[in-house]
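Asker: Those letters in the sequence shown? Residues -17 to 165, per this note's numbering, in order.
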Amino acid sequence: MTADEFLVWCLDQEDRWELVNGMPIRMMTGATHAHDDVVLNLIVELGNQLKGKRCKPKTANIAARMPEGNVRRPGVTVDCGPADRTALESAAPTAFFEVLSKSTRAFDIARKPEEYKRVPSLRSIVLIDPNLPRVMVWERADEATPWTYRDVDGLEGRIELPAIEVSLTTAALYDGITFEADS
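(1) Could you have a look at residue 36 and say whether DSSP puts it in helix, strand or coil?
(2) Would you decide whether residue 29 is buried or exposed? Buried here means 16 or more other CB atoms lie within 10 Å of its CB.
(3) I need the straight-line Cα distance from residue 7 to residue 93, nearest angstrom please.
(4) Could you compute how far the alpha carbon of residue 145 sits from the alpha carbon of residue 32?
(5) Output the residue ranges of the beta strand (DSSP E) runs that lie fully inside the stretch 104 to 161 and measure 3 residues or longer, sorted by chain position.
(6) Decide yes or no for the touch test of the stretch 120 to 138 against the stretch -15 to -7: beta carbon pairs closer than 8 Å, at least 3 of them.
(7) Give the secondary structure of residue 91 by DSSP, where H, G and I count as helix, E and B as strand, and everything else as coil.
(8) Quick check: what's the CA-CA separation for residue -2 versus residue 113?
(9) Short of 7 Å in beta carbon distance, which residues of its chain neighbour residue 115, apart from the five on each side in sequence? Order them along the chain.
(10) State whether the stretch 14 to 21 contacts the stretch 96 to 109, with contact taken as three or more CB pairs (one from each stretch) at a distance under 8 Å.
(11) Assuming residue 82 and residue 109 make a contact with CB atoms under 8 Å, what is their CB distance in whole Å?
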């Protein structure tokens, strides 16, 4: 199945799907309250900071086409491409955000960033752990610049994402979440 065929096929599906190596793969459903709280906090922060700007946050309902033909659905995408209200995919995905889940954590950390890095328009990849205050950030200034990596740990961290003109704090991302003390 091609990416174009897949996107049309998805219109008739009730669940969310990704296309991996030409095969539709059903996406995980269900999440913990902590996971959902982080996603909602992220969407609120991005929505507020990007209001009136060219770049717009999109949920996992909007697809992101990978150069090798896969179609992914990052938890949140910031799309800085031209607005098209009828599009099924991001025009110019500039930042991908994933909130880690127990069932997909290893894959999300080890494999997704490497796949995402091949998207020409992408400048930022942010993985957020909902179970402890830790954010993993990959960035590049442009397509010719190498990717850099950094961890942002604790509730007093700041994540500057100049490509999308956003500054996130870990306190805002984890608002309302209580972490268990180390045993």
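A virtual CB, placed ideally from N, CA and C, is assigned to each residue, including glycine.
Answerer: Walking through what the data contain:
(1) Residue mapping note: residue 36 aligns to position 54 of the sequence shown, counting from 1. Reduced to three states, the DSSP call for residue 36 is coil.
(2) Start at 1 with the first residue of the sequence shown, and residue 29 comes out as number 47. Around the beta-carbon of residue 29, fewer than 16 other beta-carbon atoms lie within 10 Å, marking it exposed.
(3) By one-based count along the sequence shown, residue 7 stands at place 25. By one-based count along the sequence shown, residue 93 stands at place 111. Looking at the backbone, the Cα of residue 7 and that of residue 93 are separated by about 16 Å.
(4) Numbered from 1 along the sequence shown, position 163 holds the residue referred to as residue 145. Numbered from 1 along the sequence shown, position 50 holds the residue referred to as residue 32. In this structure, the CA atom of residue 145 is about 12 Å from the CA atom of residue 32.
(5) Runs of the beta strand (DSSP E) inside the stretch 104 to 161: 106 to 111, 116 to 121, 130 to 135, 140 to 143 and 148 to 151.
(6) Contact between the stretch 120 to 138 and the stretch -15 to -7 is absent, with fewer than three C-beta pairs closer than 8 Å.
(7) As a first step, residue 91 must be located in the sequence shown, where it is residue number 109. Residue 91: helix per DSSP, three-state reduction.
(8) The residue you call residue -2 lines up with position 16 of the sequence shown. The residue you call residue 113 lines up with position 131 of the sequence shown. Approximately 24 Å between the Cα atoms of the pair.
(9) The sequence position of residue 115 within the sequence shown is 133, counting from 1. Taken in chain order, the residues that qualify are 135, 136, 137, 152, 156 and 161.
(10) No, the stretch 14 to 21 is not in contact with the stretch 96 to 109.
(11) As a working note, residue 82 is residue 100 in the sequence shown. As a working note, residue 109 is residue 127 in the sequence shown. With 8 Å as the limit, residue 82 and residue 109 qualify as a contact, their Cβ atoms being about 6 Å apart.
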